[in-house]
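In our numbering, the protein residues as written are 94 to 306.
All residues carry an ideal CB built from backbone N, CA and C; glycine is no exception.
Note that this is a predicted model, so its numbers are computed, not measured.
Written out below as C-alpha cells is the structure these notes cover.
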Ligand code: ADP
Ligand code: ADP
Ligand code: ZN
C-alpha cells in the first residue's frame with residue numbers, strides 16, 4: 094500500500110502518517126525529517142537544504158526528488174510506504190508517478206488533511222518537536238507527559254525555527270501556489286480521499302482507517 098499525505102503545513106500530516114505507519118506496518122517517509130536530519134548532521138545536503146528551509150521556501154525539485162527516490166528504493170519500502178511532505182509540487186508528483194509506472198506500481202491513496210488557514214498559524218505556534226527523534230507534540234492539543242520533554246526519548250522539545258509566524262505565512266502562501274494543485278492531480282487519478290483535519294487527531298485517524306480498511 095502506497096499512501097501520499099496532502100495538506101497545508103501544520104494540517105496534521107506527520108501526526109497521521111506516524112499513526113498509519115505504526116498501525117499498518119509501513120515505513121513513514123518524511124522529506125522534512127530527512128532534510129532536518131541532514132541539517133543536524135551538517136552534511137552537504139543539509140547545508141544546501143537549510144538555506145531554503147529557514148526562509149520557508151521549498152528545496153529545489155531536483156534535489157528533493159533524488160533524495161526521495163533513494164529512500165523509497167530501500168528494502169523496507171518494498172511493500173509500500175506513507176509519504177509525508179512529498180510530493181509538494183506537480184513536477185515532483187510527475188517524477189514519482191513516472192518512476193512507479195516503470196515498476197508497474199502506483200499511489201493507492203492520496204489523503205488530503207483539510208484544515209483552514211486560520212487554524213494553521215495557531216497550530217504551528219504550539220507545535221513542539223523533539224531535537225533528537227523528531228517526534229512532534231502540541232502544547233495544548235497533544236501535550237507531552239512532562240512539559241518540554243519528549244515522551245519517546247526524554248530529549249528536549251523546541252519550537253522549530255521555521256514554525257515562527259512570519260515563516261509559516263510564507264509557507265502557507267507557497268502551499269497554495271505550488272502544493273494545492275496536487276489535489277486535482279490525485280483527484281484526476283481517482284485516488285484522492287479527503288478528511289476533516291480540524292477534528293481531534295484520534296478522530297481524524299478513525300476517518301482515515303475507514304478509508305484504508
Ligand atoms: P511541515 O510538516 O510543517 O509541512 P516539513 O517538515 O514537511 O514541514 O518540511 C519542512 C521544510 O522542508 C519545508 O518547508 C521545505 O523547505 C522542506 N521540504 C520538505 N519536503 C519538501 C519537498 N517535498 N519539496 C521541497 N521542499 C521540501
Ligand atoms: P504537518 O506534518 O502537516 O506539518 P503535524 O502533524 O506536525 O503537521 O501537526 C502540526 C501541529 O498540530 C503539531 O503541533 C501537532 O501536534 C498538532 N496537531 C496534529 N493533529 C492535530 C489535530 N487533529 N488537532 C489539533 N492539533 C493537531
Ligand atoms: Zn524524542
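Each residue's CA atom was taken as its position, placing residue 239 and residue 195 some 48 Å apart. For residue 269, the number of other beta carbons within 10 angstroms of its own is below 16, and it is reported as exposed. Per DSSP, residue 264 is one residue of the alpha helix (DSSP H) stretching across 258-267. Pairing residue 203 with residue 138 gives a Cβ-Cβ distance that is not under 8 Å. Around the C-beta of residue 246, fewer than 16 other C-beta atoms lie within 10 Å, and the residue is accordingly described as exposed.
Within the DSSP secondary-structure output, residue 202 pairs in a beta bridge with 96. At a threshold of 7 Å, residue 115 does not count as near ligand 1, since its beta carbon sits no closer than that to any of the ligand's heavy atoms. The C-beta distance from residue 151 to residue 182 rounds to 7 Å, short enough to fall under 8 Å. Less than 8 Å separates the beta-carbon of residue 175 from that of residue 114. Between the alpha carbons of residue 215 and residue 296 lies a distance of about 20 Å. Fewer than three Cβ pairs drawn from the stretch 251-263 and the stretch 161-175 lie within less than 8 Å of each other, which leaves the two stretches out of contact. Of the candidates 169, 275 and 291, 275 places its Cα closest to the Cα of residue 284. Judged by the Cβ position, residue 228 qualifies as a neighbour of ligand 3 at the 7 Å threshold, a heavy atom of the ligand being closer than this.
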